[in-house]
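Report on the following structure.
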Amino acid sequence: MQPQVPTGVGLGLRGAFLRDIVRGDADDKIAFLEVAPENYMHRGGRSPKRLATLAERFPIITHGLMMSIGGTDPFDEAYMAELKVFLDRYDPAWHSDHICWSGMDGAVLHDLLPIPFTTQTAKRVAARIREAADRLERPMAIENISWYLQLGKSTLDEAGFITEVLERADCGLLLDVNNVFVNASNHGFDARAWIDAVPLDRVVQLHIAGHEPWDDTLLVDTHGADVRDEVRDLLSYVIERTGAKPVLLERDSNIPPLSELLAEAASLQAVYDAALAKHQEASA
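The sequence shown maps to residues 75 to 358 in this note's numbering.
Written out as structure tokens, the structure reads:
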């Protein structure tokens, strides 16, 4: 039996409002919960028990933080083994992580760092994605990150690079529309043209979040503010083309009360519903 894939707007589960979610404050108000397995692996006590309880009430999507798909170190055996146990328990339709590197020689940098946009790198990254899918025995999806400088000399643009990785790895795309907007603003390209250039038929999920300016010269993907109208417009642009997908509202800093997050999720759901109606009308 294939895992159920939710559609509509969900929330990333965070400790700041975990107790409220467990209490039932979000029941029937969000489509799913997204969790980072690393926050529950190697842990006992209340948090894993609470997650098990929530999994009985909400569809669960998993999104990783530490696989370092773009790195050069071999995958950590213990990490991959425990991750598989976690995924087997909650059985998401796919597992996602970022197209980046986050460590070297065993050191973890706790950041999502960019990689050169070249065919050589695409081949290596695609092979690692296929290896991860084999080890975890489930499909993988990769997320486009926000990046603030290029490491190494690139021979492809980002959209072309991601497309090559997706095709070589035969995997899904977790399309972060806020990251597209932030990168477009910082690096001077057209966000909609970027979206048009990647294979939208490979999109399995979307992320949406708020960003903030830094020194009036740069936008930073802080996940610490409300989603801007321009990013909402991009969300609509994608859903009009892809149809129904799970859309994750991320908030990792300056986290407001859950009631405010749920109000923002409801507002985004209205944007989603209007875009989905246009998609269905165009497809009729």
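Using N, Cα and C, we set each Cβ at its ideal position, and we do this for glycine too.
For clarity, every value in this text was computed on a predicted model and none was experimentally measured.
Does ALA196 come out as helix, strand or coil in the three-state DSSP assignment?
helix
Below 8 Å, can you find three or more Cβ-Cβ pairs linking the segment 116 to 127 to the segment 196 to 209?
no
In whole angstroms, what separates the C-alpha of GLU286 from that of LEU292?
9 Å
LYS103 versus VAL83, GLY89, MET115 and ARG97, residue with shortest Cα-Cα distance:
VAL83
PHE149 versus ALA233: straight-line alpha-carbon distance, rounded
26 Å
Between the Cα of LEU350 and those of TYR153, THR316, ALA337 and TYR114, spot the shortest distance and give me the residue it belongs to.
THR316
Beta-carbon contacts of ARG242 that lie in its chain and below 7 Å, excluding the five residues immediately before and after
ALA196, LYS197 and ALA200
Any chance you could list the alpha helix (DSSP H) runs of at least 4 consecutive residues sitting entirely within the segment 242 to 311, in chain order?
251 to 261 and 265 to 271
Cβ-Cβ separation, ILE216 to ASP171 (assumed contact under 8 Å), whole Å
7 Å
Tell me, please, whether the segment 95 to 110 touches the segment 129 to 146 by the rule of three or more beta-carbon pairs shorter than 8 Å.
yes
ALA206 burial status per 10 Å Cβ neighbour count (16 or more: buried)
buried
Hey, how far is the Cα of ASN218 from the Cα of MET154?
22 Å
Leaving out the 5 sequence neighbours to the left and right, which residues in its chain are closer than 6 Å to VAL79 when beta-carbon positions are compared?
ALA167
Sequence ranges, alpha helix (DSSP H) only - wholly within the segment 307 to 338, length at least 4
none
Which same chain residues, not among the five before or five after VAL305, have their C-beta less than 7 Å away from its C-beta?
VAL251, ASN252, PHE255 and ILE282
Minimum Cβ-Cβ distance from ALA90 to chain D less than 7 Å:
In the structure shown, chain D does not exist; there is a single protein chain.
Measuring straight from C-alpha to C-alpha, what distance separates LEU186 and GLY145?
11 Å
Which residues does DSSP pair with VAL109 in a beta bridge?
THR136
Taking DSSP as the reference, what is the three-state secondary structure of HIS353?
helix
Under DSSP, the beta strand (DSSP E) around LEU85 begins and ends at which residues?
82 to 86
For GLU156, the first and last residue of its enclosing alpha helix (DSSP H):
151 to 164
ALA298 versus ASP147 - alpha carbon distance
Contrary to the premise, residue 298 reads as Gly rather than Ala in this sequence. Looking at the two C-alpha atoms, the distance is approximately 31 Å.
Secondary structure at GLU238, three-state DSSP: helix, strand or coil?
helix
Comparing alpha-carbon positions, which option in ALA152, ILE329, GLY86 and ALA318 lies nearest ARG209?
ALA152
Rounding to the nearest angstrom, what Cα-Cα distance links GLN224 and PHE132 in this structure?
39 Å
On a Cα-Cα basis, can you pick out the residue from ASP99, LEU92, PRO77 and GLY89 that is closest to LEU336?
ASP99
Could you compute how far the alpha carbon of VAL312 sits from the alpha carbon of SER259?
18 Å
Cross-strand partners of SER170 (DSSP beta bridge)
HIS137 and ALA215
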